[in-house]
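Residue numbers (our numbering), protein chains in the order written: chain A, 42 to 119; chain B, 5 to 381. Encoded as structure tokens, the structure appears first; notes follow it.
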Amino acid sequence: MCLAIPSKVIEIDHEMNSITVDTMGAARSASLDLLPEPVEIGDYVILHVGFAIRKVDEKSAIEVIDYYNEILADEQEE
Amino acid sequence: MNKKSKLSFSLLLDDYRDSHIIKKIAERIDQSIAGIDRKIRIMEVCGGHTHIIAKYGLEQILPETIEFIHGPGCPVCIMPKERIDHAYIMSLEKDVILVSLGDMMRVPGSYGSLFDARAKGADIRFVYSPLDTLDIAKENPDKRIVFFAIGFETTTPMTAALIERQIKESLKNILYHINHVTVPEPMEVVVSEDDSNIDAFIAPSHVSVITGAKIYQPIVNKYKIPIVVSGFEPVDVMESVRMIVQQFADNRAELEIEYKRGVTTEGNIKAQKMIDKYFEKDDFFRWRGVGDIPQSSYRLRSEYSYLNAELIFDLPDNSIDDHKLCMCGDILKGKAKPFDCKAFGKTCTPGKPLGACMVSDEGSCAAYYRYGRFNKI
Ligand code: SF4
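Right, here's the structure in full:
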């Protein structure tokens, strides 16, 4: 029931309060009725049953990725 | 390569599924677990996590002393038979179109599943988004559309958003059968039982996006048990296990968020307000296999009772037992594993499920059946 994959905003329809997103190549539409923060084209959002429920927090996503890269760098040094 | 540039699918996905990273985290877990001389039993509350753990065989990579207990967080699995019967009965009423999310299709009630009702001529539609119900209602003005609402706090605000749009557009023909349940109450039930064997929780991803991590704080305080809110990818789950093990190594019991890119302490306030506007806590909900849990579900507020299908249709209110062999209840409470059930893989398979845990992909029995993993004894 939960779709984990983040989706990229590619179109915004202000009248319908909805967006078109790209989820790894597949386009689908999602409602903005429950999203508290404004989105822009190029943002990543988390979807649940046709609704955007959160904008992916870019700062913490990148922090985590950097942390994993450090872990991997450790491996290469060993 | 400097990955600091911009977020992308590959950054958000590949790294979170990278087998090297998973291995590295496993090594870190091995190091921090060295001084801990006890078993650590972790309940992953959400069926989505059960699925990931089975699919990627995470339990096999982890030290022997870590065991996953599969929790009650599968909305289809916990739906009691009598409420599935409600859906079945309503779908066969005159001029009714029953609408629900796809997961409900194959769950067996006492008359059969919604699949069976459809074979008998019922008009049942499965939608990707609850808002698709609006179009069905507009295209069928002379029909009564019953939205059979299921799911945890993750889907409750979507039902609220549907009601809001319906009212705004003055659509009169959508009714609701509400089965929205909440996560903290069953967690408290399983951890408070005298013979509870749960040492830590991995808390759900999407539920927590909506509610915020704050809903788990009372459980951490009261039961002194570590809770880590985890993301959905295998690396997320491994990292959450590492954070839990580290808490044991440091003698801490705290609430932590691993899934920081999605979850905050406060959650999605707009969605929470939508829930509050249309719903209030019900006295209790009968959880399939677990029993009645007080304050563990939502009902429509009385101002909206004109939308309540349960008051409009004549529906029986009896509790119906599960198949004698089925151990879903014990499995949902973490007291048994699917292999303990005599019917598992024999009379009960995903094609012909006897109990609810075999129906949804998120159910423990279905996950075990599908991936044949978890063979560590
Ligand atoms: S295998 Fe089937 S009958 Fe046995 S516990 Fe699981 S769902 Fe119930």
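Where a beta carbon is used, it is the ideal one built from N, C-alpha and C, also for glycine.
1) Determine the burial state of ILE223 of chain B: buried for a count of at least 16 other Cβ atoms within 10 Å of its Cβ, exposed for fewer.
2) Using a Cβ-based criterion (distance less than 7 Å to any ligand heavy atom), does HIS327 of chain B qualify as near ligand 1?
3) Compare the C-alpha of GLU197 of chain B against each of B:PRO354, B:SER95, B:TYR373 and B:LYS337 and name the closest.
4) Mind checking whether the beta-carbon of ILE335 of chain B lies closer than 7 Å to any heavy atom of ligand 1?
5) When you compare the CB positions of THR160 of chain B and VAL90 of chain A, do they come within less than 8 Å of one another, or not?
6) Just to confirm, is the Cβ distance from ASP63 of chain A to PHE92 of chain A under 8 Å?
7) To which residues does DSSP link PRO298 of chain B through a beta bridge?
8) If you measure beta-carbon to beta-carbon, which residues of the stretch 82 to 97 of chain A are closer than 7 Å to chain B?
9) Buried or exposed: which applies to ASP203 of chain B, given that a residue is buried once 16 or more other Cβ atoms fall within 10 Å of its Cβ?
10) Classify THR186 of chain B as buried or exposed, calling it buried when 16 or more other Cβ atoms lie within 10 Å of its own Cβ.
11) Is any heavy atom of ligand 1 found at a distance shorter than 7 Å from the C-beta of PRO112 of chain B?
12) Would you report the Cα separation of ILE26 of chain B and PHE317 of chain B, rounded to the nearest angstrom?
13) In chain order, what residues of the same chain have a beta carbon less than 8 Å from the beta carbon of SER323 of chain B, not counting five sequence neighbours either side?
14) Evaluate HIS184 of chain B with the Cβ neighbour count: other Cβ atoms within 10 Å of its Cβ, from every protein chain shown; 16 or more gives buried, anything less gives exposed.
15) What is the rounded straight-line gap between the Cα of HIS55 of chain A and the Cα of THR61 of chain A?
16) Along chain A, which residues have their Cβ under 9 Å away from the Cβ of TYR132 of chain B?
17) Taking the beta strand (DSSP E) that ASP107 of chain B falls in, what are its first and last residues?
18) Which first and last residues belong to the alpha helix (DSSP H) in which PRO76 of chain B is found?
19) So is the beta-carbon of ALA371 of chain B under 7 Å away from any non-hydrogen atom of ligand 1?
20) Please go through the same chain and pick out, in chain order, the residues whose beta-carbon is closer than 6 Å to the beta-carbon of ASP107 of chain B, but skip the five residues on each side of it.
21) Are the CB atoms of VAL103 of chain B and ARG122 of chain B within a distance shorter than 8 Å?
22) Between the Cα of GLU192 of chain B and those of B:LEU166, B:ILE149 and B:ILE229, spot the shortest distance and give me the residue it belongs to.
23) Measuring alpha carbon to alpha carbon, tell me which residue in A:ASN110, A:LYS96 and A:GLU111 is nearest ILE214 of chain B.
24) Between A:TYR108, A:ARG69 and A:GLU104, which has its C-alpha nearest ILE51 of chain A's C-alpha?
25) Are the stretch 243 to 256 of chain B and the stretch 264 to 282 of chain B touching, with three or more C-beta to C-beta distances below 8 Å?
Result, derived from the coordinates:
1) The residue you call residue 223 of chain B lines up with position 219 of the second sequence. It is buried - the Cβ of ILE223 of chain B has at least 16 other Cβ atoms within 10 Å.
2) As a working mapping, residue 327 of chain B is identified with position 323 in the second sequence. Within the cutoff, so yes.
3) Locating residue 197 of chain B in the second sequence gives position 193, where the first residue counts as 1. The candidate whose alpha carbon is nearest that of GLU197 of chain B is B:LYS337.
4) Here residue 335 of chain B refers to the residue found at position 331 when the second sequence is read from its first residue. For ligand 1, at least one heavy atom lies less than 7 Å from the Cβ of ILE335 of chain B.
5) The residue given as residue 160 of chain B occupies position 156 in the second sequence. The residue given as residue 90 of chain A occupies position 49 in the first sequence. Not in contact: THR160 of chain B and VAL90 of chain A (Cβ atoms no closer than 8 Å).
6) As a first step, residue 63 of chain A must be located in the first sequence, where it is residue number 22. As a first step, residue 92 of chain A must be located in the first sequence, where it is residue number 51. Not a contact, by the Cβ cut-off of 8 Å.
7) The count along the second sequence starts at 1 and reaches residue 298 of chain B at position 294. Note: PRO298 of chain B sits in a beta bridge opposite B:PHE288.
8) TYR85, ILE87, HIS89, VAL90, GLY91, PHE92, ILE94, ARG95 and VAL97
9) As a position in the second sequence, residue 203 of chain B is number 199, starting the count at 1. Buried.
10) Taking the first residue of the second sequence as position 1, residue 186 of chain B is located at position 182. Around the beta carbon of THR186 of chain B, a 10 Å sphere encloses 16 or more other beta carbons of the protein chains shown; the residue is thus reported as buried.
11) Along the second sequence, one-based indexing puts residue 112 of chain B at 108. Not so, every heavy atom of ligand 1 lies at least 7 Å from the Cβ.
12) Counting from 1 along the second sequence, the entry for residue 26 of chain B is found at position 22. Counting from 1 along the second sequence, the entry for residue 317 of chain B is found at position 313. Rounded to the nearest angstrom, the two C-alpha atoms are 52 Å apart.
13) Stepping through the second sequence from its first residue, residue 323 of chain B is reached at position 319. Cβ within range, chain order: PRO84, GLU86 and ARG290.
14) Numbered from its first residue, the second sequence carries residue 184 of chain B at position 180. Buried, by the Cβ-count rule.
15) Translated into the one-based positions of the first sequence, residue 55 of chain A becomes position 14. Translated into the one-based positions of the first sequence, residue 61 of chain A becomes position 20. Straight-line Cα distance between these residues: approximately 11 Å.
16) Position 128 of the second sequence holds residue 132 of chain B. Neighbours of TYR132 of chain B on chain A, chain order: ARG69, VAL90 and GLY91.
17) As a first step, residue 107 of chain B is located in the second sequence; it is residue number 103 there, counting from the start. Note, ASP107 of chain B: premise wrong, no beta strand (DSSP E); not H, not E.
18) Numbered from its first residue, the second sequence carries residue 76 of chain B at position 72. First-last for PRO76 of chain B: 70 to 77, but that is the beta strand (DSSP E), not the alpha helix (DSSP H).
19) As a first step, residue 371 of chain B is located in the second sequence; it is residue number 367 there, counting from the start. ALA371 of chain B: no, Cβ never under 7 Å from ligand 1.
20) Numbered from 1 along the second sequence, position 103 holds the residue referred to as residue 107 of chain B. Only VAL80 and SER364 meet the Cβ criterion.
21) Position 118 of the second sequence holds residue 122 of chain B. Position 99 of the second sequence holds residue 103 of chain B. Contact: no.
22) As a first step, residue 192 of chain B must be located in the second sequence, where it is residue number 188. When only C-alpha atoms are compared, the closest one is B:ILE229.
23) Here residue 214 of chain B corresponds to residue number 210 of the second sequence, with the count starting at 1. Nearest in C-alpha terms to ILE214 of chain B, of all of A:ASN110, A:LYS96 and A:GLU111, is A:LYS96.
24) Residue mapping note: residue 51 of chain A aligns to position 10 of the first sequence, counting from 1. Nearest option by C-alpha distance: A:ARG69.
25) no
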